[in-house]
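To start, the structure under review is shown below, and the notes come after it.
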Amino acid sequence: MPTKICFASIDVEKDLSHDSFRGVENLDKILDIFKKYEVRATLFVTGEVLQKFLGKFRELSSLYEIACHSFTHRFWNILSVSERQKELDDFISLYRSVFQRSPVGFRAPSHVIDEQALELLARTGFLYDSSVVPHYPPFKKYRGYKGRAPLLPYRFERINLLEIPVSGQALGIPLAGAWIRGLPAWFYAVLFFFHRPEFITLNMHSWDILEPDFTGKLEKIIKILKKNNYQFLNGQQLLENRK
Numbered sequence: 001m002p003t004k005i006c007f008a009s010i011d012v013e014k015d016l017s018h019d020s021f022r023g024v025e026n027l028d029k030i031l032d033i034f035k036k037y038e039v040r041a042t043l044f045v046t047g048e049v050l051q052k053f054l055g056k057f058r059e060l061s062s063l064y065e066i067a068c069h070s071f072t073h074r075f076w077n078i079l080s081v082s083e084r085q086k087e088l089d090d091f092i093s094l095y096r097s098v099f100q101r102s103p104v105g106f107r108a109p110s111h112v113i114d115e116q117a118l119e120l121l122a123r124t125g126f127l128y129d130s131s132v133v134p135h136y137p138p139f140k141k142y143r144g145y146k147g148r149a150p151l152l153p154y155r156f157e158r159i160n161l162l163e164i165p166v167s168g169q170a171l172g173i174p175l176a177g178a179w180i181r182g183l184p185a186w187f188y189a190v191l192f193f194f195h196r197p198e199f200i201t202l203n204m205h206s207w208d209i210l211e212p213d214f215t216g217k218l219e220k221i222i223k224i225l226k227k228n229n230y231q232f233l234n235g236q237q238l239l240e241n242r243k
């Protein structure tokens with residue numbers, strides 16, 4: 001049976017609704033599960049978090065790809081072009097000082113992205129984006145969903161950038177933090193019994209770890225993916241595979 005791909009990632013940012021970093025401080029609880037199951041993953045980190053936890057992410061960079069989640073977590077639809085550029089410039093400057101190289105991947109806060117932003121990413125030197133939500137359950141609304149898009153990684157016609165879409169299961173049901181917390185693992189097991197997408201993303205936030213039994217539910221999801229022959233690749237590996 002051919003191997004299917006899962007792109008696992010964590011958006012690492014301040015805690016939801018709080019000016020605190022408890023999720024970041026407890027990030028190892030998620031990463032221990034990744035290590036146990038040999039999950040290659042990308043950490044989309046805000047500049048605020050990277051600045052506060054330099055040593056932690058310098059150490060993690062030997063195991064995980066560290067990518068850009070903007071500098072602050074302000075949604076890009078409320079930022080001017082110059083403000084967006086400053087978000088990127090500030091992040092890149094900090095990133096280079098920590099890792100002695102430039103970041104290649106980007107994810108917009110709350111997946112709010114537009115064509116102008118994608119063009120800016122390409123001009124600034126980014127090689128891939130992972131902001132586009134290509135499908136979503138018709139019975140739900142989400143600010144980051146702007147309409148259907150390709151479910152497999154693809155290149156834009158006019159923008160020199162690879163898009164790694166945040167692809168979910170049937171009906172666009174995400175394999176994502178809030179959904180993993182809210183739905184039983186057996187529900188996902190049934191979905192994968194009937195439908196095994198060629199490409200799927202597993203994504204969550206650092207603050208998901210603060211919810212009761214999130215690690216237990218996450219471990220069950222990873223076991224389901226492994227049972228269904230999914231190979232975990234990070235963003236940089238997907239980029240290399242599509243050059």
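Numbering-wise, the sequence shown is residues 1 to 243 according to the UniProt record's numbering.
All C-beta atoms in this analysis are idealised placements derived from N, C-alpha and C, irrespective of residue type, glycine included.
{"Item": "Go ahead and pull the three-state DSSP assignment for residue 181.", "Value": "helix"}
{"Item": "Give a yes or no on whether the C-beta atoms belonging to residue 9 and residue 34 are separated by under 8 Å.", "Value": "no"}
{"Item": "Could you tell me which residues DSSP puts in a beta bridge with residue 37?", "Value": "Paired residue(s): none; residue 37 is not in a bridge."}
{"Item": "On the DSSP bridge list, what partners appear for residue 42?", "Value": "9, 65"}
{"Item": "Would residue 170 be called buried (16 or more neighbouring beta carbons within 10 Å of its own) or exposed?", "Value": "exposed"}
{"Item": "Specify, as a first and last residue, the run of the alpha helix (DSSP H) that residue 95 falls within.", "Value": "81-99"}
{"Item": "Is DSSP giving residue 199 helix, strand or coil here?", "Value": "strand"}
{"Item": "Relative to the alpha-carbon of residue 51, which residue among 94, 29, 88 has its alpha-carbon at the smallest distance?", "Value": "94"}
{"Item": "On the criterion of 16 or more Cβ atoms from any shown chain inside 10 Å, does residue 234 qualify as buried, or is it exposed?", "Value": "buried"}
{"Item": "Measure the Cβ-Cβ separation of residue 53 and residue 81 and say whether it is below 8 Å.", "Value": "no"}
{"Item": "Excluding sequence positions up to five away, which residues of its chain have a Cβ less than 6 Å from the Cβ of residue 37?", "Value": "222"}
{"Item": "Under 6 Å Cβ to Cβ from residue 16, same chain only, skipping five residues before and after it: list those, please.", "Value": "207"}
{"Item": "Please name the residue, chosen from 98, 101, 125, 58, that lies closest to residue 88 on a Cα-to-Cα basis.", "Value": "125"}
{"Item": "Check whether the segment 155-163 touches the segment 189-205, taking contact to mean three or more Cβ pairs, one atom from each stretch, closer than 8 Å.", "Value": "no"}
{"Item": "Three-state secondary structure (DSSP) at residue 51?", "Value": "helix"}
{"Item": "DSSP state of residue 21, grouped into three classes?", "Value": "coil"}
{"Item": "What is the residue span of the alpha helix (DSSP H) that residue 116 lies within?", "Value": "115-124"}
{"Item": "Can you tell me which of the three DSSP states residue 1 falls into?", "Value": "Note that residue 1 scores 39 on pLDDT, short of 50, meaning its location in the model is unreliable and no value can be drawn from it."}
{"Item": "Kindly identify the DSSP beta-bridge partner or partners of residue 162.", "Value": "128, 155"}
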